[in-house]
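Asker: What follows is a single structure, and I will ask about it in a moment.
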Amino acid sequence: MVRGEDNLPGYTDPINHSSKGSFPMQNRMMITGAGSGLGREIALRWAREGWQLALSDVNEAGLLETLQLVRDAGGDGFTQRCDVRDYSQLTAFAQACEEKLDGIDVIVNNAGVASGGFFGELSLEDWDWQIAINLMGVVKGCKAFLPLLEKSKGKIVNVASMAALMQGPAMSNYNVAKAGVVALSESLLIELKMHEVSVHVVCPSFFQTNLLDSFRGPTPAMKAQVGKLLESSPISAADIADYIYEEIAKGEFMILPHEQGRMAWALKKQNPQLLYNEMTTMADRMRAPRVK
């Protein structure tokens, strides 16, 4: 794995300081998509360390539930409805963080949606929707919060997916959006070094979450296939949040929470053609029920 440029010491002290000794890290985190799933679990993991959480989502009821759980866990914060497709809402959220928390130390661009379907079945509207949320939502989140992060010498945590690295069949628009998040994160890792802003990208495999609530696909069968993959995960969203916490503390840039994902990534780097052959076989199996 590639390590980030800064490794700020643990998260248990009331105020953490950067490795340069200036600009105190005051334990303030922003999370998009915090109304449920992984976003909620990340909020709870950092809340147990006493962090202040700025929570956003389009699901306002879910946000209120998350905030109460955060307070029960030992943290605090505020909520603000935010659609990551709208840059003005993200800049307003950043302004709220400055007004209510006097800045921000870590941003987690987590909001995302699921989709599936073979390339020929996907409409251009499907592509626009996927890219607008899963890729441009992350771009806009980084852009809106960068001035605050430069002041705090903070961290960017972008949630991508193993789909960014493995490009499974029948999810090309999702693969492309998440691969863009990885490429953006690699670019920012290099460009923001001079500003002492560190960058991390998280690439989980399938895990149990409510991602299917937002799923778009050409057939019910495609949604059912994705649902089976989500249910088969050996680890939960809470496990992934714990792993993210540990890897960020180590200064890791690319964070791969699933052991199988780490093995698959190692295989692809060593023998990409073998992986492509496996993916072709998988695509054939996925098509098989349709041609019976």
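308 is the number that our numbering gives the last residue of the sequence shown; the numbers go up by one with no jumps. Just so you know, even glycine gets a beta-carbon here, dropped at the ideal spot from N, CA and C.
1. Between the C-alpha atoms of residue 123 and residue 208, what's the straight-line distance to the nearest angstrom?
2. When the Cα of residue 312 is compared with those of 142, 77, 157, which residue comes out closest?
3. By alpha-carbon positions, which one of 102, 118, 205 ends up nearest to residue 68?
4. For the alpha helix (DSSP H) that residue 64 lies in, which residues bound it at each end?
5. Note down, one range per segment and in chain order, each alpha helix (DSSP H) of at least 4 residues found wholly within the segment 164-203.
6. Looking at the unbroken beta strand (DSSP E) that takes in residue 72, where does it start and where does it end?
7. At the level of alpha carbons, what is the spacing between residue 141 and residue 197?
8. Evaluate residue 292 with the Cβ neighbour count: other Cβ atoms within 10 Å of its Cβ, from every protein chain shown; 16 or more gives buried, anything less gives exposed.
9. Which residues does DSSP list as the beta-bridge partners of residue 133?
10. Determine whether the beta carbon atoms of residue 272 and residue 187 lie at a separation below 9 Å.
11. Contact criterion: CB-CB distance below 9 Å. Does residue 145 meet it with respect to chain B?
12. Can residue 381 and residue 127 be called in contact, C-beta distance under 9 Å?
13. Quick check on residue 94: does DSSP put it in helix, strand or coil?
14. In terms of alpha-carbon separation, which member of 212, 195, 210 lies closest to residue 218?
15. Going by C-alpha to C-alpha distance, which of 182, 258, 144, 269 sits closest to residue 189?
16. Using C-beta distances below 6 Å, list every residue in its chain close to residue 211, excluding the 5 sequence neighbours before and after it, in chain order.
17. Give the secondary structure of residue 274 by DSSP, where H, G and I count as helix, E and B as strand, and everything else as coil.
18. Do you know how far the Cα of residue 50 is from the Cα of residue 184?
19. What is the DSSP secondary structure of residue 268, counted as helix, strand or coil?
20. Using only alpha-carbon positions, find the residue among 79, 173, 83 that is nearest to residue 99.
21. When we look at the beta-carbon of residue 171 and count the other beta-carbons within 10 Å, is it buried (16 or more) or exposed?
22. Could you name the residues of the same chain whose beta carbon sits closer than 6 Å to that of residue 76, not counting the 5 residues immediately before and after it, in chain order?
23. Which value, in whole angstroms, describes the spacing of the CA atoms of residue 82 and residue 105?
24. Look at residue 164 and residue 120 and say whether their C-beta atoms are less than 9 Å apart.
25. Is it true that the CB of residue 48 sits closer than 9 Å to the CB of residue 133?
Answerer: To lay it out plainly:
1. 14 Å
2. In this structure the chain extends from 17 to 308, so residue 312 is not present and cannot be described.
3. 118
4. Taken as a continuous stretch (DSSP letters only), residue 64 belongs to no alpha helix (DSSP H), as it is neither H nor E.
5. 179-182
6. Per DSSP, residue 72 is one residue of the beta strand (DSSP E) stretching across 68-73.
7. The C-alpha of residue 197 is placed about 20 Å away from the C-alpha of residue 141.
8. exposed
9. Its beta-bridge partners are 187.
10. no
11. The displayed structure is made up of one protein chain only, and chain B is not part of it.
12. Nothing can be reported for residue 381, as the shown portion of the chain is limited to 17 through 308.
13. strand
14. 195
15. 144
16. Apart from the 5 residues on each side of it in sequence, residue 211 sits with its Cβ closer than 6 Å to the Cβ of 166 in its chain, given in chain order.
17. coil
18. 27 Å
19. strand
20. 79
21. Buried is the call here.
22. 97
23. 20 Å
24. yes
25. In this structure, residue 133 lies away from residue 48, with their beta-carbon atoms at least 9 Å apart.
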